[in-house]
Amino acid sequence: MENCLFCKIAAGIIPSSKVYEDERVLAFNDIDPQAPTHFLVIPKEHITGAGEINEENSSIVAYIFEVIAKIAKEQGIESYRVVTNYGVDTGQTVPHLHFHVLAGRDMTWPPG
Ligand code: AMP
Ligand code: ZN
Numbered sequence: 095m096e097n098c099l100f101c102k103i104a105a106g107i108i109p110s111s112k113v114y115e116d117e118r119v120l121a122f123n124d125i126d127p128q129a130p131t132h133f134l135v136i137p138k139e140h141i142t143g144a145g146e147i148n149e150e151n152s153s154i155v156a157y158i159f160e161v162i163a164k165i166a167k168e169q170g171i172e173s174y175r176v177v178t179n180y181g182v183d184t185g186q187t188v189p190h191l192h193f194h195v196l197a198g199r200d201m202t203w204p205p206g
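As structure tokens, then:
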């Protein structure tokens with residue numbers, strides 16, 4: 095999608111610190127990390143956010159969790175949090191579906 099930051103990152107137009115890539119998804123380090131490990135996993139296909147998941151595109155979400163588990167195993171990360179923000183109240187700043195993967199420090203619950 096035109097003028098979408100994460101579509102541009104997925105297309106390689108804007109560089110990223112890549113963690114994993116295949117034909118469907120890209121994982122890259124967050125530019126403003128909130129934990130020692132903080133990467134984002136995005137579908138290459140533009141989906142605005144969690145509220146736009148439907149019958150047609152939902153398989154990508156299962157696949158993203160598969161990829162997250164694979165990356166975590168490869169990196170020896172045994173404990174992690176996965177977060178997705180949707181809508182202004184949650185602080186979503188990039189309107190392209192993305193899952194934050196955070197690890198490497200104690201985390202509070204509820205997240206605030
Ligand atoms: P959210 O606030 O949930 O929409 O998350 C957007 C995330 O994207 C934030 O954690 C930002 O730090 C991160 N971010 C923004 N621009 C970039 C970029 N160019 N490369 C990597 N991460 C980015
Ligand atoms: Zn996009």
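Take any residue in the sequence shown, note its place counting from 1, add 94, and you have its number in our numbering. By construction, the Cβ of each residue, glycine as well, lies at the ideal position given by its N, Cα and C atoms.
What do you reckon, are the CB atoms on residue i and residue j nearer than 9 angstroms?
i: A105; j: K112; result: no
i: V195; j: I141; result: no
i: V177; j: F193; result: yes
i: K102; j: R118; result: no
i: N123; j: S110; result: yes
i: T131; j: Q186; result: no
i: I147; j: H190; result: no
i: R252; j: A156; result: Lying before the first or after the last residue shown, residue 252 is absent from the chain, which here runs from 95 to 206.
i: Y114; j: A144; result: no
When burial is assigned at 16 or more other CB atoms within 10 Å of the CB, is residue i buried or exposed?
i: F100; result: buried
i: S153; result: exposed
i: I108; result: exposed
i: I125; result: exposed
i: F159; result: exposed
### Task
Any chance you could list the residues with Cβ under 6 angstroms from a heavy atom of the ligand ZN, keeping chain order?
M95, C98, F100, C101, H140, H190
### Message
I'd like the ranges of any alpha helix (DSSP H) spanning at least 4 consecutive residues and lying wholly in the stretch 111–180.
### Response
153–169
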